[in-house]
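Counting in our numbering, the sequence shown runs from 1210 upward without gaps. Where is the CB? At the ideal position from N, CA and C, for every residue including glycine.
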Amino acid sequence: MTQTQYEIVATHRWLSLCKGFEGEPFIKSSSGTLVVPITDDGDVLFILEPRRVNGELVLSLPGGGINADEDTAISANRELQEEIGFYANKLDFLATLNPAVRVTDWEVHVYLGRDLVPSKLEGDESYEIQVEKIPLSQFETVIQSGRLMDSTLIAALYLTRSFINRAL
């Protein structure tokens, strides 16, 4: 097998379990977007969603899959509208991340959403999404408390803080 050849073992809607290099398993996921929505007051609008492992509500950020022929920025703003009911008039691309590069093939395009205005689209979640405001200046405290454990979200918050500090 070369680096680009792999065998699909099992599939789900947006991910597959595959055999890759030396027959080792990896997860292939469709590309997605992740948005750090920040208010004019400096609050990040987190969402509370059930963890797929056990249903426990965890802090997350708006995001999701990219529709066919959809630009990543358009996807990011669509997800904002579906999940928290806001549209970002300013949408800044921060980075493309892979949540676990050694064992996944998964691109997450991270954006900063600012100048938020109310705009609601119908979402595809089977549960109600709750929104929780947390000041960007306090996100490290939330990490230390154990409430925020997702490394991709944590990276997105550090990228956001760095972007905002450069703009000042």
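Within 10 angstroms of its Cβ, does THR1220 collect 16 or more other Cβ (buried), or is it exposed?
-> What you label residue 1220 is simply residue 11 of the sequence shown in a count that begins at 1. Exposed, since its Cβ has fewer than 16 Cβ neighbours within 10 Å.
Are there 16 or more other CB atoms within 10 angstroms of the CB of ASN1298, so buried, or fewer, so exposed?
-> By one-based count along the sequence shown, residue 1298 stands at place 89. ASN1298 is exposed by the Cβ-count criterion.
Secondary structure of SER1360, DSSP reduced to three states = As a first step, residue 1360 is located in the sequence shown; it is residue number 151 there, counting from the start. Helix at SER1360.
Return the chain-ordered list of same chain residues with a C-beta closer than 7 Å to the C-beta of TRP1223, the five sequence neighbours on each side being excluded.
-> Mapped onto the sequence shown, residue 1223 falls at position 14. Closer than 7 Å at the Cβ level, and outside the excluded window around TRP1223, lie SER1238, SER1239, GLY1274.
Is it the case that the Cβ atoms of ASP1359 and VAL1267 are separated by a distance below 9 Å?
-> As a working mapping, residue 1359 is identified with position 150 in the sequence shown. As a working mapping, residue 1267 is identified with position 58 in the sequence shown. Closer than 9 Å, so yes.
According to DSSP, is THR1281 helix, strand or coil?
-> Sequence index remark: in the sequence shown, residue 1281 carries index 72 (1-based). Looking at THR1281 - three-state DSSP - the assignment turns out to be helix.
DSSP-derived helix/strand/coil call for ILE1343 = Counting from one through the sequence shown, the residue named residue 1343 turns up at place 134. Residue state, collapsed to three classes: strand.
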